[in-house]
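Residue numbers (UniProt numbering), protein chains in the order written: chain A, 1 to 409; chain B, 1 to 409.
Have a look at the structure below, then the notes.
There are 2 protein chains.
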Amino acid sequence: MLKPSPFAPESLPHIPEIAGVRLGAVAAGIKYKDRTDLFLAELAEDSQVAGVLTRSLTRSAPVDWCRKVLPGGTARAILVNSGNSNAFTGSNGVVTTEKMVASAAAAVGCAMEEVLIASTGVIGEQLPVEKVEAAMPDLTKSLKADNWDLAAKTIMTTDTFPKAAFRDTRIGDIPVRIGGIAKGSGMIAPDMATMLSFLFTDANIPAPILRSLLKKAVDRSFNCMTVDGDTSTSDTLILAATGKAGNIAPTKADAPALDTFYADLESLLIELAQLVAKDGEGASKFITIDVSGAENDRAAKVIALSIANSPLVKTAIAGEDANWGRVVMAVGKAGERADRDKLSVSIGGVTIAKDGEGVSSYDEAPVTAHLKGMEINIAVDVGIANGKARVWTCDLTHGYIDINADYRS
Amino acid sequence: MLKPSPFAPESLPHIPEIAGVRLGAVAAGIKYKDRTDLFLAELAEDSQVAGVLTRSLTRSAPVDWCRKVLPGGTARAILVNSGNSNAFTGSNGVVTTEKMVASAAAAVGCAMEEVLIASTGVIGEQLPVEKVEAAMPDLTKSLKADNWDLAAKTIMTTDTFPKAAFRDTRIGDIPVRIGGIAKGSGMIAPDMATMLSFLFTDANIPAPILRSLLKKAVDRSFNCMTVDGDTSTSDTLILAATGKAGNIAPTKADAPALDTFYADLESLLIELAQLVAKDGEGASKFITIDVSGAENDRAAKVIALSIANSPLVKTAIAGEDANWGRVVMAVGKAGERADRDKLSVSIGGVTIAKDGEGVSSYDEAPVTAHLKGMEINIAVDVGIANGKARVWTCDLTHGYIDINADYRS
Numbered sequence: 001m002l003k004p005s006p007f008a009p010e011s012l013p014h015i016p017e018i019a020g021v022r023l024g025a026v027a028a029g030i031k032y033k034d035r036t037d038l039f040l041a042e043l044a045e046d047s048q049v050a051g052v053l054t055r056s057l058t059r060s061a062p063v064d065w066c067r068k069v070l071p072g073g074t075a076r077a078i079l080v081n082s083g084n085s086n087a088f089t090g091s092n093g094v095v096t097t098e099k100m101v102a103s104a105a106a107a108v109g110c111a112m113e114e115v116l117i118a119s120t121g122v123i124g125e126q127l128p129v130e131k132v133e134a135a136m137p138d139l140t141k142s143l144k145a146d147n148w149d150l151a152a153k154t155i156m157t158t159d160t161f162p163k164a165a166f167r168d169t170r171i172g173d174i175p176v177r178i179g180g181i182a183k184g185s186g187m188i189a190p191d192m193a194t195m196l197s198f199l200f201t202d203a204n205i206p207a208p209i210l211r212s213l214l215k216k217a218v219d220r221s222f223n224c225m226t227v228d229g230d231t232s233t234s235d236t237l238i239l240a241a242t243g244k245a246g247n248i249a250p251t252k253a254d255a256p257a258l259d260t261f262y263a264d265l266e267s268l269l270i271e272l273a274q275l276v277a278k279d280g281e282g283a284s285k286f287i288t289i290d291v292s293g294a295e296n297d298r299a300a301k302v303i304a305l306s307i308a309n310s311p312l313v314k315t316a317i318a319g320e321d322a323n324w325g326r327v328v329m330a331v332g333k334a335g336e337r338a339d340r341d342k343l344s345v346s347i348g349g350v351t352i353a354k355d356g357e358g359v360s361s362y363d364e365a366p367v368t369a370h371l372k373g374m375e376i377n378i379a380v381d382v383g384i385a386n387g388k389a390r391v392w393t394c395d396l397t398h399g400y401i402d403i404n405a406d407y408r409s
Numbered sequence: 001m002l003k004p005s006p007f008a009p010e011s012l013p014h015i016p017e018i019a020g021v022r023l024g025a026v027a028a029g030i031k032y033k034d035r036t037d038l039f040l041a042e043l044a045e046d047s048q049v050a051g052v053l054t055r056s057l058t059r060s061a062p063v064d065w066c067r068k069v070l071p072g073g074t075a076r077a078i079l080v081n082s083g084n085s086n087a088f089t090g091s092n093g094v095v096t097t098e099k100m101v102a103s104a105a106a107a108v109g110c111a112m113e114e115v116l117i118a119s120t121g122v123i124g125e126q127l128p129v130e131k132v133e134a135a136m137p138d139l140t141k142s143l144k145a146d147n148w149d150l151a152a153k154t155i156m157t158t159d160t161f162p163k164a165a166f167r168d169t170r171i172g173d174i175p176v177r178i179g180g181i182a183k184g185s186g187m188i189a190p191d192m193a194t195m196l197s198f199l200f201t202d203a204n205i206p207a208p209i210l211r212s213l214l215k216k217a218v219d220r221s222f223n224c225m226t227v228d229g230d231t232s233t234s235d236t237l238i239l240a241a242t243g244k245a246g247n248i249a250p251t252k253a254d255a256p257a258l259d260t261f262y263a264d265l266e267s268l269l270i271e272l273a274q275l276v277a278k279d280g281e282g283a284s285k286f287i288t289i290d291v292s293g294a295e296n297d298r299a300a301k302v303i304a305l306s307i308a309n310s311p312l313v314k315t316a317i318a319g320e321d322a323n324w325g326r327v328v329m330a331v332g333k334a335g336e337r338a339d340r341d342k343l344s345v346s347i348g349g350v351t352i353a354k355d356g357e358g359v360s361s362y363d364e365a366p367v368t369a370h371l372k373g374m375e376i377n378i379a380v381d382v383g384i385a386n387g388k389a390r391v392w393t394c395d396l397t398h399g400y401i402d403i404n405a406d407y408r409s
């Protein structure tokens, strides 16, 4: 049993029913004992879907399946298991995926191409597909509208707390809801950031527009978050829109009627991404890194991620040490333009280095106090132009080693 | 006091005199108490030099100085201090560097442009240059030909053991010697790998040819070694050739007369690079990673370094866990071509995965025994073409966190 992250919220936010979505979960015994490990989301007919998948070249068979069917733009079911990622399982793994998809399609009553699937857990072991098939009747019976809590728990692996978020929003004057769950705490890096996240809305939005909104929001949320720079073979994020809210379908992604919906979608994704970073394996501090003064926003993000992924920066924060020299090192290795003699670094809002050297007169007391806290802010200006970016990460502690030196056993 | 690496050799190899080189060291009190921290190498007139420097964009003032004078191709002195890297020290740092250079030039009796300099230690604090100037008379008095042991110890920072290597070699029929020292244990990554290494030979080799030999040998040694993926602002490697051996100067880098010399230079650099990886902060295992079957050698090296830099792979090895799934993950995120369904992975010579899936019948006993040892071999074939590469790294343990969460204090 893992020690819960100090950032674990006292309880999950309450998520109400989202019209057109039913959720179910059962204990299929895939790997874990005495906990649910199989999750099914049933979506209303004509539900539109968009997804973002890992770019790993050794991606799992379930990810390959989603790549194949997502362009269709509709789905009726999402089936997810924890405990086994069905990754690097050869041709058997492909067969397993297709059997799982067929089983969910039969249960929901749809074509296989309308089923999305995700598996998370150990890599390289065959998934006992017969357990999934055997569990399907009970899983179907368990479907109900207010099952968010169980769904969030079912998809967990090394997570120390379930993750969910909700927004009441609108498209034009029509009230719309967005709810989502996420899991992930290791192998967290851009490209994608979390291992798994599933978002549901009752909005009526055609798949091409849904895709466009989702891509932009993921670039500003999960793709700004990193734990250890490693990329999973299974990362999958799906957004399903049932259309039950009854709004008039937008005809383009930048329609003014979508402004509020997009803003709420982005803020919900940021909330989920931050929950994942806060559950980073062994995390004791949540770190926000702002980079400004870069050649452009893209360069700023590269520099920010170089800082966020540096083991030396992350261990310094774990040690509550204002070692800004390591921040400078990470700026230097990022490979993007930076003016060494105009660089400034601040921690907790206090400027520690300016114009390329330490500020000898700075007051260390508030910085020390800031570093003893759980939420750390580092800001760097690299003195070139106006590009800026913000990314999130956590510190690197003994807990990370404890978890990862003995995960498989 | 750091716990010595389990790989620390019982003693330094004996390095005999190298004609045209004298070494000295003193305790200047720059940061450490009761140990030598200032090193000077005096080179015979007309000594030829080549160097490889960090590509960090926030490199230190001493690195900037070397970049400026190395193209001249000759040097009479190399001055090195530990305890303070004189990096990110603004215009003051530039003045400090020039004062140190001037001081060494006066001591040895040469032009400032014939002095190379390196500083290692804390970033962002002003280096007390007056202590260096005050120590210069004693430093000059300490120069002698057989001072390798002291030199190797003087340049250490978080190193747990001094590092030196030697080769008796030849150019044509003429006996030639190469000796070198290195330091480095954190911020170890390609581009460059070690923080500091200084190599000396009595060979007669013009600077342009020396550069060409050195670049090739560094690409195959230090640039194949990584500890934590971080890149120092101070990485510096210098090769000085005094010409005292009396061989006829080669006229091109691929002259057959240089074959033996080059092979011994490369093997010496590999030995030093491996010593640095073996002293990786907190290292308990030394890991050799071979990648074959890649699109070309460059792609193979990218994949090998992706494996070597993966915190999840490094923690699995620390935990003596044959978690080859993480190796596959690291192959996938490298971004180079790999055929997931032809991938094979072996550990300690035993094939664990083949044709994209686990070998169910493999004998786990020899793999477990191998992982309990200190020298770990991982081999991956990615099934595309014939590109191959070998890199070295160490595992990621609690020791790394201990050292880096509290280095500055």
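We put the beta carbon where it would ideally sit given N, CA and C, even for glycine.
Do residue i and residue j have their C-beta atoms closer together than 8 Å?
i, j, result
"T233 (chain A)", "S91 (chain A)", "no"
"N223 (chain B)", "L312 (chain A)", "no"
"T58 (chain B)", "V328 (chain A)", "yes"
"G293 (chain B)", "D168 (chain B)", "no"
"E320 (chain B)", "L371 (chain B)", "yes"
"I384 (chain B)", "R337 (chain B)", "yes"
"A322 (chain A)", "I352 (chain A)", "yes"
"K244 (chain B)", "A87 (chain B)", "no"
"R67 (chain A)", "L79 (chain A)", "no"
"A300 (chain B)", "A182 (chain B)", "no"
"E113 (chain B)", "G72 (chain B)", "yes"
"V49 (chain A)", "A207 (chain A)", "yes"
"R76 (chain B)", "L43 (chain B)", "yes"
From the DSSP output, which residues share a beta bridge with residue i?
i, result
"L23 (chain B)", "B:A41, B:K144"
"E357 (chain B)", "A:T89, B:K354"
"R167 (chain A)", "A:I178"
"C394 (chain A)", "A:F286"
"L53 (chain B)", "B:T236"
"I18 (chain A)", "Paired residues: none, contrary to the question."
"A118 (chain A)", "A:V80"
"N377 (chain B)", "B:T288"
"T201 (chain A)", "A:I178, A:A241"
"S11 (chain B)", "According to DSSP, which records beta bridges pairwise, S11 (chain B) is partnered with nothing at all."
"A389 (chain A)", "A:V291"
"L127 (chain B)", "L127 (chain B) is not bridged to any residue."
If I follow the unbroken beta strand (DSSP E) through residue i, where does it start and stop?
i, result
"K314 (chain B)", "Taken as a continuous stretch (DSSP letters only), K314 (chain B) belongs to no beta strand (DSSP E), being part of the alpha helix (DSSP H) at 311 to 318."
"N84 (chain B)", "77 to 84"
"A217 (chain A)", "Taken as a continuous stretch (DSSP letters only), A217 (chain A) belongs to no beta strand (DSSP E), being part of the alpha helix (DSSP H) at 207 to 219."
"A346 (chain A)", "The sequence shown places Ser at residue 346 (chain A), rather than the Ala named in the question. Element bounds for S346 (chain A): 344 to 347."
Quick one: using the 10 Å Cβ neighbour count with 16 as the cut-off for buried, is residue i buried or exposed?
i, result
"N386 (chain B)", "exposed"
"S221 (chain A)", "buried"
"K144 (chain B)", "exposed"
"P13 (chain A)", "exposed"
"residue 412 (chain B)", "Because residue 412 (chain B) is not part of the residues shown, which for chain B are 1 to 409, the question remains open."
"P9 (chain A)", "exposed"
"D34 (chain A)", "exposed"
Name the two residues that bound the continuous alpha helix (DSSP H) containing residue i.
i, result
"L305 (chain B)", "297 to 308"
"F261 (chain A)", "259 to 278"
"V327 (chain A)", "324 to 333"
"V69 (chain A)", "61 to 69"
"V367 (chain B)", "364 to 372"
Residues, ordered as in the chain, of the region 43 to 57 of chain A that lie near chain B by beta-carbon distance below 9 Å: T54, R55, S56, L57
Residues from the region 394 to 406 of chain B in contact with chain A, defined by Cβ distance under 9 Å: D395, L396, T397, H398, Y400, I401, D402, I403, N404, A405, D406
Interface residues of the region 72 to 96 of chain A facing chain B [CB-CB below 9 Å]: Going along the region 72 to 96 of chain A in chain order, one finds S85, A87, F88, T89, G90, S91, N92, G93 with a Cβ nearer than 9 Å to chain B.
Interface residues of the region 118 to 141 of chain B facing chain A [CB-CB below 9 Å]: V122, I123, G124, E125, Q126
Contact residues within the region 354 to 381 of chain B, judged by C-beta distance below 7 Å to chain A: D355, G356, E357, G358
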